[in-house]
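Okay, structure first, notes after.
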């Protein structure tokens, strides 16, 4: 008989962990697309959950990219059957660094794969399992794994992009502004070609940021006890001439793009490509829904295509 650990959060949510190779992995399953739809349609009654029907994409689920001591981390791969452009996009789900999963990025992956991109939705360790910088290390390890397997998936190792939504956008922006291994190992090639930050904050300490318990849990302490983590995990404070080009796609909620204008100013200083698409009067989670889904996909496509073309 299996023994299950019951976790109860400060907000009263109940979580059932999964068990992998005998290891208990706590899971917060409170953030779902269905639940988000039920919440947002009260304010936006005409929205529809985006669902992509296609026969033009091959899907490979749960491919291991990283082995930890007692378990593995996986990616789902969405590969165009034809008209492949040899460009890879890593998609990083949101959920406050503690909830959500890689399936939340499947519809975006299908839509982008239809446009020729090979998409990898990535599993990474969330805050209930491991605090910062574990998630960053996982994403950088996914980049390395994809580059090491670029021949198998027919992608150009120099054309790997990171896309993230909400907290996943913060992670994508952090990986892209760093654009080097967080382990300081010069042999590890974690450099990416560009970032798509979809409503992910750029600074935990910016006046527009309203981060509290969830950020503190991931950053292993509040903004006083873990002040250094709150700073170094902010993309704003990691920009150099080597930072990756970035596209911001934002809602009308300032807190989710805190620090964006400061990042834009620094990018202009370094002459690094930077672009933006803003949806006024939209929910934070607009990327899940019509009428914002298709314009989001089209902007991602044009940003990456123009950037790659300008560098050829």
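Numbering (UniProt numbering), first residue to last: 1 to 312.
Glycine is no exception: its CB is placed at the ideal position from the N, C-alpha and C atoms.
Remember, it's a predicted structure, so these values are computed and weren't measured experimentally.
With 16 or more neighbouring CB atoms inside 10 Å of its own CB, residue 173 falls in the buried class. Contact between the stretch 179 to 197 and the stretch 97 to 115 is not established, with fewer than three Cβ pairs separated by less than 8 Å.
Residue pairing by DSSP places residue 79 opposite 58 in a beta bridge.
For residue 247, the uninterrupted beta strand (DSSP E) run begins and ends at 246 to 250, by DSSP.
When C-alpha distances from residue 200 are compared across 156, 209, 224 and 228, the shortest belongs to 209. Pairing residue 151 with residue 264, the inter-Cα distance amounts to about 35 Å.
Taking one beta carbon from each stretch, the stretch 254 to 262 and the stretch 286 to 296 have fewer than 3 pairs nearer than 8 Å; the two do not touch. For residue 88, the pairing in a beta bridge is given by DSSP as 118 and 160.
In this structure, 169 is the residue among 169, 33 and 104 with its C-alpha nearest to the C-alpha of residue 202. Counting only runs of 4 or more residues that sit fully inside the stretch 131 to 208, the alpha helix (DSSP H) segments are 134 to 148 and 167 to 178, in chain order. Taking 7 Å as the cut-off, the Cβ atoms of residue 140 and residue 190 count as close.
Per DSSP, the unbroken alpha helix (DSSP H) holding residue 40 starts and ends at 33 to 40.
Residue 298 and residue 99 have their C-alpha atoms spaced approximately 27 Å apart. It is roughly 32 Å from the alpha-carbon of residue 235 to the alpha-carbon of residue 59.
With distances taken between CA atoms, residue 245 lies nearest to 193 out of 255, 193 and 198. Excluding five sequence positions before and after residue 85, the CB atoms of its chain that fall closer than 6 Å to its own CB belong to 116, given in chain order. For residue 102, the closest of 227, 31 and 175 by C-alpha to C-alpha distance is 31. In the structure shown, the three-state DSSP call for residue 276 is strand.
Apart from sequence neighbours up to five positions away, the residues of its chain that approach residue 239 with a beta-carbon distance below 6 Å are 177 and 266, ordered along the chain. C-alpha of residue 207 to C-alpha of residue 123: approximately 31 Å in a straight line. Secondary structure at residue 64: strand, using DSSP grouped into helix, strand and coil. Put simply, of 275, 44, 121 and 248 the residue whose alpha carbon is nearest the alpha carbon of residue 197 is 248. The three-state secondary structure of residue 260, taken from DSSP, is helix. The alpha-carbon of residue 284 is positioned some 7 Å away from that of residue 253. For the set 163, 162 and 146, the Cα lying nearest the Cα of residue 156 is the one of 146. Taking all protein chains shown into account, residue 270 has fewer than 16 neighbouring C-beta atoms within 10 Å of its C-beta and is therefore exposed. In terms of CA proximity to residue 303, 195 leads the group 38, 195, 167 and 26. Within the same chain, Cβ atoms closer than 7 Å to the Cβ of residue 50 are found at 107, 288, 289, 290 and 293, the five residues on either side in sequence being excluded.
Assigned with DSSP and collapsed to three states, residue 28 falls in strand. In this structure, residue 162 sits away from residue 63, with a CB-CB distance that is not shorter than 7 Å. In this structure, the alpha-carbon of residue 41 lies about 6 Å from that of residue 47.
Judged by DSSP in its simplified three-state form, residue 305 adopts helix.
Here DSSP, grouped into helix, strand and coil, assigns residue 289 to strand.
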